[in-house]
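In our numbering, the protein residues as written are 137 to 306.
All residues carry an ideal CB built from backbone N, CA and C; glycine is no exception.
Report on one structure; see the data block that follows.
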Amino acid sequence: MRVIGIDPGLRNLGWGVVDVMGSKLAHVANGICKSQGSDLAQRLLSLHTQLQVIFEEHRPETAAVEQTFVNKDGAGTLKLGQARAICLLVPAQFGLSVAEYAPNSVKKVVVGVGHADKTQVDHMVRLQLPGVAPVGADAADALAIALCHAHHARFSGRLEAAVARAGGAP
137 MRVIGIDPGL
147 RNLGWGVVDV
157 MGSKLAHVAN
167 GICKSQGSDL
177 AQRLLSLHTQ
187 LQVIFEEHRP
197 ETAAVEQTFV
207 NKDGAGTLKL
217 GQARAICLLV
227 PAQFGLSVAE
237 YAPNSVKKVV
247 VGVGHADKTQ
257 VDHMVRLQLP
267 GVAPVGADAA
277 DALAIALCHA
287 HHARFSGRLE
297 AAVARAGGAP
């Protein structure tokens, strides 16, 4: 299973792709889409175009996006929400469902602590994906989102299989 994790951002949108083969995880690629343009519409279009290219190149089978963190700056939160919409739209255009995870849930799965800082997330991503070199903090966060989704998907598959073996309905 090929998983893409996406860390929404209007200036820098992080992405990371991992392959899941049974209990093994392998890094495929990671990067940062940087928005371009003088107004919001142009910046959103540039993110959309860049993310589409990534999907065409890497062909993920499932996608996960970090949920929006709401802060005191309402206008900033709204703009982040618009960038996040691009992160939901592109996978949908490729026929994928999108899992959404709260930032603390991602950190809890990857680091073991829900309030880990970016340095800790980066360190644990490097431990779980030996040889990986995230191109920046946003890419490391995106890889963490992909890892979180991979762990949830593996558990979900085992749970469904166990229920089926037991003769019950999932």
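- Sequence-distant residues of its chain with Cβ nearer than 7 Å to S182 (five each side left out): S171, Q172, G173
- Query: Would you call the stretch 214-225 and the stretch 137-150 touching, i.e. three or more CB-CB distances under 8 Å?
  - Reply: yes
- Task: Between the Cα of Q229 and those of L263, L216, V189, spot the shortest distance and give me the residue it belongs to.
- Result: V189
- 6 Å Cβ shell around Q256 - same chain, five flanking residues per side excluded: V247
- Task: Take V242 as the anchor and find which of G212, K215, G217, H287 has the nearest alpha-carbon.
- Result: H287
- Residues bridged to V201 by DSSP? I142, E236
- Message: Given this structure, state the Cα-to-Cα distance separating H163 from T204, to the nearest angstrom.
- Response: 25 Å
- Query: Hey, how far is the Cα of G158 from the Cα of A177?
  - Reply: 41 Å
- Tell me whether H184 sits in a helix, a strand or coil according to DSSP, three-state version. helix
- Task: Grab me the residues of A282's own chain with a C-beta within less than 8 Å of its C-beta, minus the 5 sequence neighbours each way, in chain order.
- Result: V139, I140, G141, G152, V153, V154, A200
- Which stretch, first to last residue, makes up the alpha helix (DSSP H) that contains K215? 210-229
- With distances taken between CB atoms, is the gap from L279 to V268 smaller than 8 Å? yes
- Task: Below 6 Å CB to CB, which residues in the same chain sit around L295 once its five sequence neighbours on both sides are set aside?
- Result: In this predicted model, L295 has a pLDDT of only 43, less than 50, meaning its place in the structure is not dependable enough to derive any value.
- Whose C-beta lies closer than 6 Å to the C-beta of A298 among residues of the same chain, with five residues either side of it excluded? A caution first: A298 carries a pLDDT of 47, below 50, which makes its placement in the model unreliable, though a value can still be read off. No residues qualify anywhere along the chain.
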